[in-house]
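Asker: Provided herewith is a single structure, encoded as structure tokens, for subsequent inquiry.
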Amino acid sequence: MSLPLTRLVTFEQIVAARERIAPVVLRTSQVKSQALSGLVGHDVFLKREHHQVTGAFKLRGATNAVLCLDPAERAKGVTAASTGNHGRALSYAAQQAGSRAVICMSKLVPQNKVRAIEALGAEARIVGRSQDEAQAEVDRLVREEGMVEVPPFDRAEVIAGQGTIGLEMLQDAPEMDAVLVPLSGGGLIAGVALAIKTGSPKTKVIGVSMERGAAMIASLAAGRPTEVEELETLADSLGGGLGPNNRYTYEMVSKYVDETLTVSEQQIAAAIRFAYAEEGEVIEGAAAVGIAALVHHRYRPDGACCVLLSGKNIDMEVHRQLISGTHPAFGEGG
Ligand SMILES: *Cc1c(COP(=O)(O)O)cnc(C)c1O
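Using the numbering used here, the first residue of the sequence shown is number 1345, and each one after it goes up by one.
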């Protein structure tokens, strides 16, 4: 194998992460989807990472990052400005490690999200009226109190933790033509692709984003990290940019990912409904993009493939509307 493996994150770091995080994270199952296999004409497997503790894969990277801290850092604690899956993951990971976590959020964050963070043992710090002001408080905690910021994707330990999913996918289905992975900041696909390309270089790694605000795909097209306008989308966990000083994910995605594509809101809506009706699985919009790509033949695999279902944290009222077909996403064109 003579892949130009990146100097930034190594396969060995992923292997080390697997052992490190095993006491905290679930080794999730991978099952064949009868319905998708029939539709596609090849075996389609579902990596059920939405069954992960805290409901999303981000627990792997957050746990690896927290467990890699030295004792002095762990005593100071960790911080982040995410109220979504990363905030939950970091709160839980810190609690498991006996460390402090401060999750910064703006006044506009709904009470149920604040309570979810607090229920996981973290301190929810409410500051300002925007994500930028919440981030400024994170920066202050790092500068003045010596806390460690654990970002959602652009950190070596986080990428290595997410990469452990790739090791499991290969173990459960070693002969895959392709894997389909949701793509936002790229921490998930960077780790998974490094694992897959090391263990099975001919398996293609396909990144899937939503049409509305696909920052990594716009960056790849521009040849450098680029910001895009953030738009409302069913795949809310895929929102946001690559950050002003991207160090890892842009380069790794450029290097390892074979192809990227986008799916529409209507296709995401249909995929959430498909997952529930055909597989009995509740998944969030970000997790549905791979199924959307296959159901709508946006991607046509030449052999067996695996779809990574990344999370299940969806507002259940929105989910109900999607299942019953009354959600506005079914009304739009596309
Ligand atoms: C964060 C997240 C993603 C995207 O991961 P990146 O590392 O930012 O590309 C996909 N699905 C879910 C459910 C997420 O929480």
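Note that the Cβ used here is the ideal one computed from N, Cα and C, for glycine as well.
Remember, it's a predicted structure, so these values are computed and weren't measured experimentally.
Tell whether a beta-carbon distance below 8 Å holds between residue 1375 and residue 1381.
Answerer: Result no, Cβ atoms of residue 1375 and residue 1381 do not sit closer than 8 Å.
Asker: Taking DSSP as the reference, what is the three-state secondary structure of residue 1383?
Answerer: In the structure shown, residue 1383 sits in a helix (DSSP, three-state: H, G or I).
Asker: When DSSP labels each residue in this structure, what does residue 1424 get in the three-state scheme?
Answerer: Reduced to three states, the DSSP call for residue 1424 is strand.
Asker: Among 1528, 1455 and 1537, which residue has its Cα nearest to the Cα of residue 1631?
Answerer: Considering only alpha carbons, the answer is 1528.
Asker: Determine which residues share a DSSP beta bridge with residue 1524 and list them.
Answerer: For residue 1524, which the question treats as bridged, DSSP gives the partners 1550 and 1651.
Asker: Please indicate yes or no: does the CB of residue 1512 lie closer than 7 Å to some heavy atom of ligand 1?
Answerer: False, no ligand heavy atom lies under 7 Å from that Cβ.
Asker: Among 1457, 1517 and 1406, whose alpha-carbon lies nearest the alpha-carbon of residue 1430?
Answerer: Nearest C-alpha to residue 1430: 1406.
Asker: May I have a chain-ordered list of the alpha helix (DSSP H) segments no shorter than 4 residues that lie completely inside the region 1452-1491?
Answerer: Within the region 1452-1491, the complete alpha helix (DSSP H) runs of at least 4 residues are 1455-1463 and 1475-1489.
Asker: Would a C-beta distance cut-off of 8 Å place residue 1404 and residue 1543 closer than the cut-off?
Answerer: Result no, Cβ atoms of residue 1404 and residue 1543 do not sit closer than 8 Å.
Asker: Check each candidate in 1622, 1620, 1415 and 1410 and name the one with the smallest Cα separation from residue 1424.
Answerer: Measuring from the Cα of residue 1424, the nearest candidate turns out to be 1410.
Asker: Buried or exposed for residue 1452, going by 16 or more other Cβ atoms inside 10 Å?
Answerer: With fewer than 16 Cβ atoms within 10 Å of its Cβ, residue 1452 is classed as exposed.
Asker: Could you tell me if the beta carbon of residue 1437 falls within a distance shorter than 7 Å of some heavy atom in ligand 1?
Answerer: No, Cβ of residue 1437 sits at least 7 Å from all heavy atoms of ligand 1.
Asker: Hey, would you say the C-beta of residue 1382 is under 7 Å away from at least one heavy atom of ligand 1?
Answerer: No, since every heavy atom of ligand 1 falls outside the 7 Å radius drawn around the Cβ of residue 1382.
Asker: In whole angstroms, what is the alpha-carbon distance linking residue 1455 and residue 1468?
Answerer: Using only the alpha carbons, I get a separation of about 11 Å.
Asker: How long is the line joining the alpha carbons of residue 1615 and residue 1636, rounded to whole angstroms?
Answerer: Roughly 5 Å between the two C-alpha positions.
Asker: Looking at the unbroken alpha helix (DSSP H) that takes in residue 1540, where does it start and where does it end?
Answerer: Residue 1540 -> alpha helix (DSSP H) spans 1531-1543.
Asker: For residue 1447, which of helix, strand or coil comes out of DSSP?
Answerer: Here residue 1447 sits in strand by DSSP.
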